[in-house]
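Residue numbers (our numbering): 4 to 1070. Yeah, the Cβ is synthetic: ideal placement off N, Cα and C, and Gly gets one too. Working notes, beginning with the structure itself.
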C-alpha cells in the first residue's frame, strides 16, 4: 500500500474558509458545511471571530442570554458549543475552547474574510480591502452587535473605495477610477461625486458616449427611485459634456450627510409652498411633498408654513411617522385626529361617523361599549372608515393645513388615505404637506404609486431641497452667531467641513469652531459632531438620553420615571438639561429628540447588553403606563420585548399587533407582525404548546399574506404546507382555511386531482361548517372548468353561489381572502360563454364586478376584473376589454397577485396587437415566460394561446404554430383541457395559411370534435366556421347552420356575425 505523504502523521491538511460578508458560507476543504445555514451558528461564529481575543464563557453567556439567570445562560452556552463542535469538524484547529474561555485561533489553515478585510484596512491596503468586501456582514442577522459591526464595515468599505477612487483620479488612472467609482455607486446608487468621477474618467479616455451613459443611469435611478432630478452641479456638467465644452475639474470625495437647518436661503422653495397653499384654497385638496436628505430643512420649512397659515386664522394639524419601536398602523392619522385642531370638529360629527372613527380613537366609545374589531381586512368597512376620517379632516369651510413628517416611514394605509382625501376633496380647501426622504423609499413603496397617480391629475407638488451654497452657508453661520458677517477664513473652513450641510453648520458652530487650529469636534462626519455634543452632558442626562433613544419615539415624564425607576425631581432636572442643550424639544405633554440623527447617535453609544436591559425596562414601563389599552400599544411592546431578547412576551405582543393591524386593513403591517412572531417562535424549544401557537399565527397570517402576494406565491404555499404538517403533528383535524389554501396552491400548479381531494374534505364538512362547504364547491367548480368539464363545473359554481350567505362574508374575507359569490359568478360567466350563451355571460360577469366594486375588497376586485377581461377578450369585445384593463391599471399599484398580473399583461399585449401595434407581442412573450414559473403555471396555456393568435396576426405563422403546439402539449401533460379545442383551431388556421392543408384539416376537425364533446358551443362555433370556410362542404354548412340556431345570445359579437356572413355568402 502506498504511503500517505499529504500531511503530518498521514493526515492531510485541513483548510477552512469563512465568508461572513455577503452570502454566508463556511467551506471546509472545498465542501460547504450546511449546518452553518443556522443563524444561531452564524451569529456565534461571527461573534468569536470578530472579537479575536479570548472570550470568557460567563461574558458570552450574559451577552447572548441577558435575561436568563447565570445557571441557565451557561447551560444554553454549553448546548450551543456542543452544536458548534459537531458542526465544525477538526474544530480544535480553529477554535480554542476550555472551561473558562472561547477564542478564535487565526492560522494559516483558516481564512475569515471579515478579519482579512479589517487587517487590510488597518494596514492601509485599500485595494485588498475593496476586493474582500463582497457585501454586508451576516445579512440575515439583526442582533445589535451585528448591526453595529455591519455599519462600521460598510462605512470602512465606502471610505476605502472613496480613497481608491480619488487616488486613481489624481494619478490619471482612469480605468481604475471608473472601476472603483462603480463600486461606490453599487453601495450608494445616488452618490453624485462618484458619478462625476466616472463621467470625467470616461471623457479622459475619449469615450464620451460612456460618460453620457453614466449620467443617464444616474438620472434614471433618481427619477425611478426618488422622483427627483439630478443636482445643479452634475446637470451643468452634463450640459457641458453634451456641448463638448467640459473642462476636467478636481474630483471631490464623498459628500457629507445632511441635517436640519434654520430658515435661510429657501426663498424659491418658500414661494412654492405659498403657491401650493393658495392652489389648495382656490381649487381643492392638494398634496405637497418637501423632499431631501435627512435634516436638510424639510421639517423647518413645513413648520414655517404652519406658522403662517395659523397666523391667518386657519386650521393647522401636524403629526409624524416613526421608524423604530413598533410602527403603529394609522399612527399619523390617529395623531392628526387627536390634535386640538381637529378633535373639536370630530365631536360635531353624526354618531355613525364617530362610531366609525372609534376604530381608531377608542375614547370616542361610550363607557358601556367596547370596540369590536372586524376581521374583514378589505371590505366595505374600509371605505366607511376612509369616509369617516375624510369627514373629520375635510368637511367644513375653513381652509386646513395638515403636516405629516417622515412620510417614508408611514404605513401603507396612511399613504392610501392621503390619496383618498386628495381625490375626494376636489373642492375642499385642504393642503397636505409631507416631508419625505426619497433615498429611504424602496421602489415599490406605496408613496411612489400615489405620487404617480396624483401627478396625472396635477394634484401633487414636489419641492426638493438641496444643500446651501458657500455664500448662504456663511449667511447662516452669521445669523447663528448673531453677527452681520463672519470672518472669511472661518467661513471658508466651515464650508470645507460642512459642504453646505445645514445641520453640520448648526452643530459645528454649537460645538465650537475657530478660523485656525484643528479642534477635535470638527470631524468630517456628523456622527463625531453629535457624539461631541452628547459627550458634554452630565452622566445623569446622558443616561436619560440613552433611555430616550431606546424608546424610539416621544416620551412622557411618567413613562421615563417608570422605565428608569429614578426620582422624579432628579429626572426632571436631567430632562431640563437635555432641553436647554437642545438635545430634546417639547411636544405638548411629551418630549422628543430635536433631530432623528441625535437619537441614532445616542443609541449607538449604548452597549448591546445595556440596550437589551433598557428595552426590557421600557417594555415594562409601557405596559404599566398603557395598561388600560394595552392592545393598542402591542406594536411598541413587541418591538421592545423583541430587542430585549424576551421572546415569549414579544411573540404574544406581535400576535396581538398583527390581529389589530389586519382589523384596520393594515395588511403589510399585519404580515410583518405575524412573520416576526413566527421567527421568534422558531427559536423556542419544541413543545405541543409552541406548535399550537405557531399554527394559530400561521392561520391568522394566511389572509393578509394572500391578499398581498396571492395563493401562487412561494411564501403562501410554504405557509399552508407548514400549517398542514403542524395539524398532523398535533393530531388534530386540519383547519378549513389550510385545506382551501393548499387547494388553491395546487390548483395554480395544475395539480387538479390533488385540489379536488382537498375540496371534497371541505365539502364533507358542509353540515358542520357551511362556509367551508361553500369554499369547497368553489374549488371543485373551477377545477372542473380547467379540465374542460363544463357539465361538472356549472353545478358546483351554482351550488357555491346558492350556499353563500351575506352574514358569512366577513369570515370568508378574513380566513379565505376573497368573496366567493363575486368570484364564483365571474367564473360561472366563463362557463356560460364557453357553453355558447355570450349575452348571459356578459350579464353574469357584470353582476360579479358590481358586487366586487361595492365590496371594495382588493383580492376579490382584482380577481373579478381579471376574469371579466378574459371573457371580454374571448367574446372579441375589444372596447369592453380596454375598459376593464383601464380598471386594472388603476388597481395595479395596490395589487400584487403575481399570476393575475401575468394574465393582465398578456391581455394588454393582445389588445395592442389587435390595435395594430406589433410591440404588444413582447408583453405576451414576457407573460408566457413568467407563466412557466413552477407552481404558478395555471395560465401558461392561456398566455400561449394569446401568443399563437398574435403571431398569426403578425404573419409569424411558424412561431404561432410553435406556441399553439406547446399549449396543446401542456394541456395534455397536466389535463388542463379548457382551451384544447381553441388551440387546435388556431393551429389549423395557421397551418392552412402556411399551405399545410392536410395538417390544417386534421387540426380543425379535432377542434370541432373536442368542443362538441365538452359542450362548448362557443368554441364549436368558431371551430366549425373555420373548418367549413377553409374546406367547403355542404354537410359542414348544414352543421354550422344547425349550431347557430342553438346559440341563444351574443348574436352581435364578431364570431357569430362572421359565421352568419359565411353562410349567406356561400349560399
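Give every residue of the same chain whose Cβ lies closer than 7 Å to the Cβ of residue i, excluding the five residues on either side of it in the sequence, and list them in chain order.
| i | result |
| --- | --- |
| residue 372 | The pLDDT assigned to residue 372 is 46, lower than 50, so where the model puts this residue is not dependable, and the model offers no usable value. |
| residue 693 | 684 and 687 |
| residue 58 | 51, 104, 105 and 106 |
| residue 352 | 394 and 395 |
| residue 820 | 706, 709, 710 and 862 |
| residue 370 | At residue 370 the pLDDT is 37, less than 50, meaning the model places this residue with poor confidence; the figure from the coordinates comes in the next sentence. Same-chain partners within the cutoff: there are none. |
| residue 579 | none |
Would you kindly check if the distance between the Cβ of residue j and the Cβ of residue i is under 8 Å?
| i | j | result |
| --- | --- | --- |
| residue 822 | residue 873 | no |
| residue 488 | residue 481 | yes |
| residue 2 | residue 1003 | In the structure as shown, the chain starts at 4 and stops at 1070, and residue 2 therefore has no counterpart that could be examined. |
| residue 404 | residue 348 | no |
| residue 723 | residue 748 | yes |
| residue 323 | residue 414 | no |
| residue 416 | residue 669 | yes |
| residue 758 | residue 786 | yes |
| residue 1023 | residue 1011 | yes |
| residue 76 | residue 64 | yes |
| residue 463 | residue 552 | no |
| residue 812 | residue 978 | no |
| residue 930 | residue 953 | no |
| residue 118 | residue 160 | no |
| residue 866 | residue 826 | yes |
| residue 944 | residue 974 | yes |
| residue 444 | residue 411 | yes |
| residue 730 | residue 681 | no |
| residue 365 | residue 632 | yes |
| residue 818 | residue 740 | yes |
Taking DSSP's pairing of strands, which residues face residue i in a bridge?
| i | result |
| --- | --- |
| residue 834 | DSSP, once it has assigned bridges, lists no residue as partnering residue 834. |
| residue 408 | 323 |
| residue 272 | Residue 272 is not bridged to any residue. |
| residue 593 | 590 |
| residue 113 | 19 |
| residue 1052 | 840 |
| residue 100 | 105 |
| residue 289 | 434 |
| residue 219 | Answer by DSSP bridge pairing: none, since residue 219 is not bridged. |
| residue 65 | Residue 65 pairs with nothing; no bridge assigned. |
| residue 558 | 594 |
| residue 1 | The structure shown does not extend to residue 1, since the chain is modelled only from 4 to 1070, so the question has no answer here. |
Output needed for residue i: all residues of its chain with C-beta closer than 6 Å, excluding positions within five of it in sequence on either side, in chain order.
| i | result |
| --- | --- |
| residue 661 | 673, 676 and 677 |
| residue 878 | 841 and 1056 |
| residue 796 | 784, 787, 788 and 834 |
| residue 547 | 577 |
| residue 251 | Per-residue confidence for residue 251 stands at a pLDDT of 45, beneath the threshold of 50, marking its modelled position as unreliable; the derived number appears in the next sentence. Excluding sequence neighbours, residue 251 sits near 203. |
| residue 926 | 908, 911 and 912 |
| residue 99 | 106 and 108 |
| residue 137 | 24 and 25 |
| residue 969 | 947 |
Assuming residue i and residue j are in contact, meaning their beta carbons sit under 8 Å apart, how far apart are those beta carbons, in whole angstroms?
| i | j | result |
| --- | --- | --- |
| residue 293 | residue 466 | 5 Å |
| residue 140 | residue 153 | 4 Å |
| residue 829 | residue 794 | Going by Cβ atoms, the distance from residue 829 to residue 794 rounds to 20 Å, so no, they are not a contact pair. |
| residue 164 | residue 186 | 5 Å |
| residue 120 | residue 150 | Wrong, their Cβ atoms sit about 17 Å apart, outside the cutoff. |
Between which residues of its own chain and residue i is the CB-CB distance below 8 Å, once the five residues before and five after are set aside?
| i | result |
| --- | --- |
| residue 1046 | 1020, 1023, 1024 and 1027 |
| residue 958 | none |
| residue 144 | 42, 45, 46 and 49 |
| residue 342 | 320, 321 and 322 |
Exercise. Any contact of the stretch 586 to 597 with the stretch 553 to 572, i.e. 3+ C-beta pairs under 8 Å?
Worked result: yes
Problem set entry | contact_flag[the stretch 979 to 991, the stretch 1016 to 1028] where n(CB pairs < 8 Å) is 3 or more | yes
For this session: Spell out a yes or no on whether the stretch 124 to 133 and the stretch 29 to 37 are touching, meaning 3 or more CB-CB pairs, one atom from each, closer than 8 Å.
Result: no
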